[in-house]
Amino acid sequence: MKFNKTLVTLAVVGSCLTSTAALADSVSANVSVTNNYIWRGLTQTMNEAAVQGGIDYASDSGFYAGTWASNVKYGADDVYSYEHDIYFGYAGEAGDISYDVGYLYYNYDTEAGYDFGEIYGTVGYGNFSATLYVLANAEPDEGPGEDFGFGSTTYLSLDYAYALESGTEVGVHLGSHQGDFSESFNGVPGDYMDYALTLSKDGFGFMISGTDLDDAGPDALDNDSVKFTVSYGVDFEL
């Protein structure tokens, strides 16, 4: 998916190198496979493979909307099996500055009871972009001392992307997570930062990612370790 959670910096590479002014009325689809679904530095599949895909509509006015899905797994016996996202927004340019604002809703299995939504805004200049995601709504009840209210949890993503003469696209990413909902949903202790280096060409992608987390406990997530991700995806017009 060109916009949302899938291999976050691989998505950023594509968006940074494509001008929003080039958008036209179109409907497209995308399908990808990856050995590990990484979201904001954390595995969403217990370091196992994922099959993902989505459909996108883009208007030459700058409005866009889409949907995207992936298998997920957070524990050996948990109730999560899928993630289904719905999003819409508006993107454009003002001189050398690009911008994108929108809303993203994350939907999981009914038994999980952890759906949530974020509003986001991106500002780009050249190959650099900064995106702020702000928690807008959350389905689960707050635990003692927790705050899942509007604006209580944020994620700031700083990204730089450029293309080599060979056609290989290189991306560098740094992210910062803050807030109670991020800790509750991801199961990591407190605020943290993530980072990634990506290479992509002709649908193939390779990413090295990590976090500043210490040992997160005896689980199969290993979110305190450096992760290596390989993916392949295709896009096509409908």
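For the sequence shown, the residue numbers in numbering that gives the first Met the number 0 are 0 to 237. Don't be surprised by glycine CBs; every beta carbon is placed ideally from N, CA and C.
According to DSSP, simplified to helix, strand and coil, what is Ala21? Looking up residue 21 in the sequence shown gives position 22. At Ala21, the pLDDT of 44 sits below 50, so the modelled position is not reliable; the number obtained from the coordinates is stated separately. Correct three-state label for Ala21: helix.
Is it right to say Glu168 is buried, meaning 16 or more other beta carbons lie within 10 angstroms of its own, or is it exposed? For the purposes of this step, residue 168 is taken as residue 169 along the sequence shown, with counting starting at 1. Glu168 comes out buried.
Report buried or exposed for Ile37, applying the criterion of at least 16 other Cβ atoms within 10 angstroms of its Cβ. Position 38 of the sequence shown holds residue 37. Buried is the call here.
For Asn46, which three-state DSSP category applies? One-based indexing of the sequence shown puts residue 46 at position 47. Note: Asn46 maps to coil in three-state DSSP.
Three or more C-beta pairs under 8 angstroms: does that hold for the region 121–133 against the region 90–101? The answer is yes - the region 90–101 touches the region 121–133, with three or more Cβ pairs under 8 angstroms.
Between Thr109, Leu163, Tyr63, Phe227, which has its C-alpha nearest Asn46's C-alpha? Within the sequence shown, numbered from 1, the residue matching residue 46 stands at position 47. When only C-alpha atoms are compared, the closest one is Phe227.
On the CB-based measure, 16 or more other CB atoms within 10 Å of its CB, does Leu41 come out buried or exposed? Here residue 41 refers to the residue found at position 42 of the sequence shown. Buried: at least 16 other Cβ atoms inside 10 Å.
Proximity to Gly65 [Cα-Cα], best of Tyr73, Leu155, Thr152, Tyr56: For the purposes of this step, residue 65 is taken as residue 66 along the sequence shown, with counting starting at 1. For Gly65, the nearest C-alpha among the options comes from Tyr56.
Are the beta-carbon atoms belonging to Glu182 and Gly174 less than 8 angstroms from one another? Position 183 of the sequence shown, counted from the start, is the residue given in the question as residue 182. Position 175 of the sequence shown, counted from the start, is the residue given in the question as residue 174. Taking 8 angstroms as the Cβ cut-off, Glu182 and Gly174 do not qualify as a contacting pair.
For Glu182, name the three-state secondary structure that DSSP assigns. Indexing the sequence shown from 1 puts residue 182 at position 183. In the three-state reduction of the DSSP assignment, Glu182 falls in the helix class, which pools H, G and I.
Closest Cα partner of Arg39 within the set Tyr161, Gln177, Gly91: Within the sequence shown, the letter at position 40 stands for residue 39. When only C-alpha atoms are compared, the closest one is Gln177.
Would you list the one or two residues that DSSP bridges to Asp99? By 1-based counting over the sequence shown, the position of residue 99 is 100. DSSP output for Asp99 lists Ala90, Thr121 as bridge partner(s).
Other residues of its chain near Ile118: CB distance less than 6 angstroms, five sequence neighbours each side excluded: Along the sequence shown, one-based indexing puts residue 118 at 119. Closer than 6 angstroms at the Cβ level, and outside the excluded window around Ile118, lie Tyr102, Val133, Ala135.
Grab me the residues of Phe149's own chain with a C-beta within less than 8 angstroms of its C-beta, minus the 5 sequence neighbours each way, in chain order. As a first step, residue 149 is located in the sequence shown; it is residue number 150 there, counting from the start. So the qualifying residues of the chain are Val133, Leu134, Ala135, Asn136.
For Asp158: DSSP bridge partner residues: Translated into the one-based positions of the sequence shown, residue 158 becomes position 159. In DSSP, Asp158 forms a bridge with Ser128, His172.
Can you look up Val187 in the DSSP assignment and give me helix, strand or coil? The count along the sequence shown starts at 1 and reaches residue 187 at position 188. Coil.
Would a C-beta distance cut-off of 8 angstroms place Asp179 and Glu145 closer than the cut-off? Position 180 of the sequence shown, counting from 1, holds the residue named residue 179. Position 146 of the sequence shown, counting from 1, holds the residue named residue 145. The answer is yes: Cβ separation under 8 angstroms.
Checking contacts by CB at 8 angstroms: is Asn185 closer than that to chain C? The displayed structure is made up of one protein chain only, and chain C is not part of it.
Spatially closest choice to Leu163 from Gly112, Ala68, Thr197, Ser31, by CA coordinates: The count along the sequence shown starts at 1 and reaches residue 163 at position 164. The shortest Cα separation from Leu163 among Gly112, Ala68, Thr197, Ser31 belongs to Thr197.
When you compare only the Cα positions, how much space is there between Leu237 and Phe62? The sequence position of residue 237 within the sequence shown is 238, counting from 1. The sequence position of residue 62 within the sequence shown is 63, counting from 1. Between Leu237 and Phe62, the C-alpha separation is close to 18 angstroms.
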